[in-house]
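Chemist:
Protein chains in written order, with this note's numbering: chain A, 33 to 277; chain B, 33 to 277.
Dropping the structure here:
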């Protein structure tokens, strides 16, 4: 097998609502090939889609005021988090774990204030799978290249310290590579049946993105995969089969 | 920044207790460089260290018989899992999540029957950090190359479907890259302060290891890191700060 390559793509411009992300990407990355996987940082997708909120305009609900008071938080920020939340999973030590409207379980419903002007918060893209698919289709239209696209965000985990990057949107690749029915070297059916390859691809991309200033894209090359219409929804464990909800 | 390379290293031999893993690695990988990170699959470390159990020799305790009966499992296998367990975190839907003697929270205390002769189970290495350090020191003695070493296993997660690879042992690299105090592009202190880079390195390695037959090693090149005496213990979230225990 070939060496897997993870190539950082630097964009010097601060992304604004309505920017053409494919144009910015193609202007910085001249060597796109069929089968490349483009990983995109969630933050630039949210900015491009205008998914940011000026906190000064937010009127907190009574619930937001109550939670903010209990945990010494900004009630306007809590209101934004609640507006993105389908279900609160846990609040403890001032950390809110929620299930977003998309079905993603993460801290603060993915609402984030980093790399934004003060007084601004970003939300997750409205439909990250659609955002990934739109990018993929535009690249196909402009270049003829058949690529896969994964949108990546940084999440904490239960049991383990530190965050890792995970897929919130996918286009063109299965989020999970299912080994079910495959045999091990002794001919036994493998019990670990499903690798969350989209999450591992985002982790690999993070290794170059976070180390590089202004690097919201990475291209992963030489990863063999079967093109698929799968979405990042298949990474969402339903509540009824989750041991920790 | 340079392209991150993840290079699969194929070993055709079935690993036996007492094999020299550095010799096998160096015989297959001729191009080792200072700063390379060698990722090693847990299974071959366990085999090399003789951390396997012939289930026929196991006498299950009453607790093991009880759990096995409740969940329709092999009592001998449950006994092996319990012998590696410090604390049972949860048992549900026939899945046992335990904290191992090392402090790692994972399914079945890391006990596994895949890629082993039938009737055999493997345990995690006794001290995976030490195993990583031993490999690193032997490579230094044999080649003069200063590398980092991470031992990788495949774990499930709360909330998300699919497994990803995670670090259970480290030598020569910080398991977590701490951003605390660093500023974002707007000069604000970053709130996401700690990337579990050792876990992301294992995920990147998994992308080449699982796709390649007989590939228990991967070499990651062009990853900038500060050499460190840190261990994989820093990835273990203490029970008192874990929202999900």
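Ideal Cβ placement from N, Cα and C applies to all residues, glycine included.
Since I believe residue 137 of chain A is in contact with residue 127 of chain A (beta carbons under 8 Å), could you give me their beta-carbon distance rounded to a whole number of angstroms?
Modeler: As a working mapping, residue 127 of chain A is identified with position 95 in the first chain. As a working mapping, residue 137 of chain A is identified with position 105 in the first chain. Actually they do not touch by this definition, with Cβ atoms about 13 Å apart.
Chemist: What residues in its chain sit with their C-beta under 8 Å from that of residue 260 of chain B, if we drop five residues either side in the sequence?
Modeler: For the purposes of this step, residue 260 of chain B is identified with residue 228 of the second chain, where counting begins at 1. The residues are 204, 205 and 206.
Chemist: What would DSSP say about residue 238 of chain A, mapped onto helix, strand or coil?
Modeler: The residue labelled residue 238 of chain A in the question sits at position 206 within the first chain. In this structure, residue 238 of chain A counts as helix in the three-state DSSP scheme.
Chemist: Please report the distance separating the alpha-carbon of residue 152 of chain A from that of residue 87 of chain A.
Modeler: Counted from its first residue, the first chain places residue 152 of chain A at position 120. Counted from its first residue, the first chain places residue 87 of chain A at position 55. Rounded to whole angstroms, residue 152 of chain A to residue 87 of chain A spans 6 Å at the Cα level.
Chemist: 8 Å is my cut-off, CB to CB: does residue 162 of chain B come that close to chain A?
Modeler: Locating residue 162 of chain B in the second chain gives position 130, counting from the first residue. Judged by the 8 Å Cβ criterion, residue 162 of chain B is not in contact with chain A.
Chemist: Going along the chain, which residues of the segment 237-267 of chain B sit with their C-beta nearer than 7 Å to a C-beta in chain A?
Modeler: Listed by position along the chain: 238, 239, 240, 242, 243, 244, 255, 256, 266 and 267.
Chemist: Expressed to the nearest angstrom, what Euclidean distance is found between the alpha-carbon atoms of residue 256 of chain A and residue 67 of chain A?
Modeler: Along the first chain, read from residue 1 onward, the residue named residue 256 of chain A stands at position 224. Along the first chain, read from residue 1 onward, the residue named residue 67 of chain A stands at position 35. The alpha-carbon atoms of residue 256 of chain A and residue 67 of chain A are separated by roughly 8 Å.
Chemist: Flag residue 142 of chain A as yes if its beta-carbon sits less than 8 Å from any beta-carbon of chain B, otherwise no.
Modeler: Residue numbering aside, residue 142 of chain A sits at position 110 when the first chain is read from its first letter. No, residue 142 of chain A lies away from the interface with chain B (no Cβ there is under 8 Å from its Cβ).
Chemist: Which residues in the same chain have their Cβ closer than 7 Å to the Cβ of residue 82 of chain A, if we skip the five residues on either side of it in sequence?
Modeler: Looking up residue 82 of chain A in the first chain gives position 50. Cβ neighbours of residue 82 of chain A beyond the five flanking positions: 49.
Chemist: Quick check on the DSSP output: the alpha helix (DSSP H) that includes residue 107 of chain A runs from which residue to which?
Modeler: Within the first chain, the letter at position 75 stands for residue 107 of chain A. That run of the alpha helix (DSSP H) goes 107-115.
Chemist: Just the chain A side, please: which residues come within less than 8 Å of residue 273 of chain B by C-beta, in chain order?
Modeler: As a position in the second chain, residue 273 of chain B is number 241, starting the count at 1. 125, listed in chain order.
Chemist: List the residues of chain A whose Cβ lies closer than 9 Å to the Cβ of residue 181 of chain B, in chain order.
Modeler: In the second chain, counting from the first residue as 1, residue 181 of chain B sits at position 149. Chain A residues near residue 181 of chain B: none, gap ~17 Å exceeds 9 Å.
Chemist: Quick one: what does DSSP say residue 268 of chain A is sitting in, helix, strand or coil?
Modeler: Here residue 268 of chain A corresponds to residue number 236 of the first chain, with the count starting at 1. Strand at residue 268 of chain A.
Chemist: Taking the alpha-carbon positions, what's the residue 267 of chain B to residue 198 of chain B distance?
Modeler: Residue 267 of chain B sits at position 235 when you count from the first residue of the second chain. Residue 198 of chain B sits at position 166 when you count from the first residue of the second chain. Distance between the alpha carbons of residue 267 of chain B and residue 198 of chain B: 10 Å.
Chemist: Ends of the alpha helix (DSSP H) at residue 57 of chain B?
Modeler: In the second chain, counting from the first residue as 1, residue 57 of chain B sits at position 25. Its alpha helix (DSSP H) spans residues 53-60.
Chemist: Tell me the DSSP secondary structure of residue 150 of chain B in three-state form.
Modeler: The sequence position of residue 150 of chain B within the second chain is 118, counting from 1. Residue state, collapsed to three classes: coil.
Chemist: Secondary structure at residue 249 of chain A, three-state DSSP: helix, strand or coil?
Modeler: Reading the first chain from its first residue, position 217 is the one you call residue 249 of chain A. If DSSP states are grouped into helix, strand and coil, residue 249 of chain A belongs with the strands.
Chemist: Could you tell me which uninterrupted beta strand (DSSP E) segments, each at least 3 residues in length, are contained entirely in the segment 157-235 of chain A, listed from first to last along the chain?
Modeler: Those beta strand (DSSP E) runs which fall completely within the segment 157-235 of chain A and span 3+ residues are 180-187 and 196-205.
Chemist: Which residue's Cα is closest to the Cα of residue 180 of chain A: A/202, A/160, A/187 and A/188?
Modeler: To locate residue 180 of chain A, count along the first chain from 1; it is residue 148. Selected option, being the one with the closest Cα: A/202.
Chemist: Is the Cβ of residue 35 of chain A closer than 8 Å to any Cβ of chain B?
Modeler: Taking the first chain and counting its residues from 1, the one referred to as residue 35 of chain A is at position 3. Residue 35 of chain A counts as touching chain B.
Chemist: Could you work out which residue in B/192, B/94 and B/44 is closest to residue 264 of chain A when comparing CA atoms only?
Modeler: The residue given as residue 264 of chain A occupies position 232 in the first chain. Ranking B/192, B/94 and B/44 by Cα distance to residue 264 of chain A puts B/192 first.
Chemist: Against residue 231 of chain A, what residues of chain B qualify as contacts under a CB-to-CB distance less than 9 Å, listed in chain order?
Modeler: Here residue 231 of chain A refers to the residue found at position 199 when the first chain is read from its first residue. Near residue 231 of chain A (Cβ distances below 9 Å), the residues of chain B are 189, 192, 194, 196 and 235.
Chemist: Under 8 Å, Cβ to Cβ, is there at least one residue of chain B near residue 159 of chain A?
Modeler: For the purposes of this step, residue 159 of chain A is taken as residue 127 along the first chain, with counting starting at 1. Chain B contact via Cβ: absent.
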